[in-house]
């Protein structure tokens, strides 16, 4: 399946199955936009002889035909039988999300975790449960050498003593098992002090700090229990942590809602503050005034495009561009085919652990008792649910089968699908539209960078390049 589009003055074709990306002249662009499968030269001439010279049509057709011959355009569908057989092999778990705190000091309106409690009594994870979780991961990770633990909440800084003792224990048992545990903490950033920042920067391989962008946007929806502003506290702590972190991984992770569909301004605000690793995600759910609805989609898609142009402007101006999570698409070397098909691995490679030791497919399913897969003491017991997640992928999702973006989005988030439609097998239509636009923007940026380097080498300039910037 070939997807053809034009953005920023660049004509682009993406061959969905092979992953090949091609920058096209106008003739090749129109030919591929017209024909949805390999076509004869005579067909092309008949269709476009009144618009283009025969020589131009011939040259474009010959180039397209060569790419088809090489398997880089209209490439065959993947061998589903071979892939499905490989995916049934249990390779062990690679990551756990430890809910060390089902409690939070903030009252964010859109919180999927019900202000941190997950619709249950507030509770902190005992060290005993955290240690069992580490043992579970090490003992059930198969031949994987590198595994991950994410400290999550609620707000994990409310239980930071357990976090530190878990890291200490994890390092010991990982060494004995000849494994490496990479640790991440996801925090709202309000409770960080100098000692905690120092510890995090020395011991956490990645840090995710929640911050929604502009002060007025952030404070309107992310306030503390007394209804007070949290922006200034978080900004100071986050800048301190990031500046002291040097080259270690981090993300500033925001959420946009129907109240700030102009979210590109929030991303650029964060970039202007000095943060260069930024993620801005659409709010999940339905029914509240701040949720994303169909009428918001045109503006949201335009915001992604404007953000891509802003990204390119920073490149053209010679500055250091920020890295926007959804634009980080490597078109030359990406995940293996099985990873692209199976997505995040929720319920098959990744589990969430509650303070009681219950196991869920991922953090967004916690609190939905029908999604309990087992317990640290008993192991995985809900075999039907385990099998359900194992068989949920782009080969089994009806809406994904003929989608050009399927090997890039991997079928989307199971939890998003569930909360939108009640079915993990049914991708959410609005999120599909956003994901496709993000992918188009990401590929356009890569194409721009490659073309800019080419023109620089050749000493030429292409005036129409990124005309939308």
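In the working numbering, the protein residues as written are 5 to 473. C-beta: ideal position from N, C-alpha, C; glycine also. Since the model is a prediction, treat every value here as computed from it, not as a measurement.
| Query | Result |
| --- | --- |
| Closest by C-alpha distance to residue 270, when choosing among 291, 214 and 191 | 214 |
| Rounded straight-line distance, which links the Cα of residue 256 to that of residue 289 | 22 Å |
| Beta-carbon gap between residue 246 and residue 254 smaller than 7 Å | yes |
| Same chain, Cβ closer than 6 Å to residue 467, neighbours up to 5 away in sequence not counted | Residue confidence is low: residue 467 scores 44 on pLDDT, short of 50, so the model does not pin down where it sits. No coordinate-derived value is stated. |
| Beta-carbon gap between residue 157 and residue 120 smaller than 7 Å | yes |
| Residue from 6, 27 and 19 with nearest C-alpha to residue 452 | 27 |
| DSSP beta-bridge partners of residue 258 | 284 |
| Helix, strand or coil at residue 159 [DSSP, three-state] | coil |
| Euclidean distance between Cα positions of residue 296 and residue 326 | 26 Å |
| Per-residue DSSP class, three states only, for residue 360 | coil |
| Neighbourhood of residue 15 by C-beta distance below 6 Å, restricted to the same chain and skipping five residues each side | 28 and 33 |
| Residue 238, enclosing alpha helix (DSSP H) - first and last residue | 235-249 |
| Closer than 6 Å: residue 149 CB and nearest the ligand ATP heavy atom | Inclusion of the ligand ATP in the displayed structure is not the case, the ligand content being empty and no account of it being possible. |
| Distance between residue 160 and residue 143 (C-alpha atoms, nearest Å) | 25 Å |
| Residue 15, enclosing beta strand (DSSP E) - first and last residue | 14-19 |
| Per-residue DSSP class, three states only, for residue 185 | strand |
| 7 Å CB neighbourhood of residue 368 in its chain, flanking five on each side removed | 116 and 419 |
| Residue 230 versus residue 372: straight-line alpha-carbon distance, rounded | 29 Å |
| Residue 232, buried or exposed, once every other Cβ within 10 Å from all chains shown has been counted against 16 | exposed |
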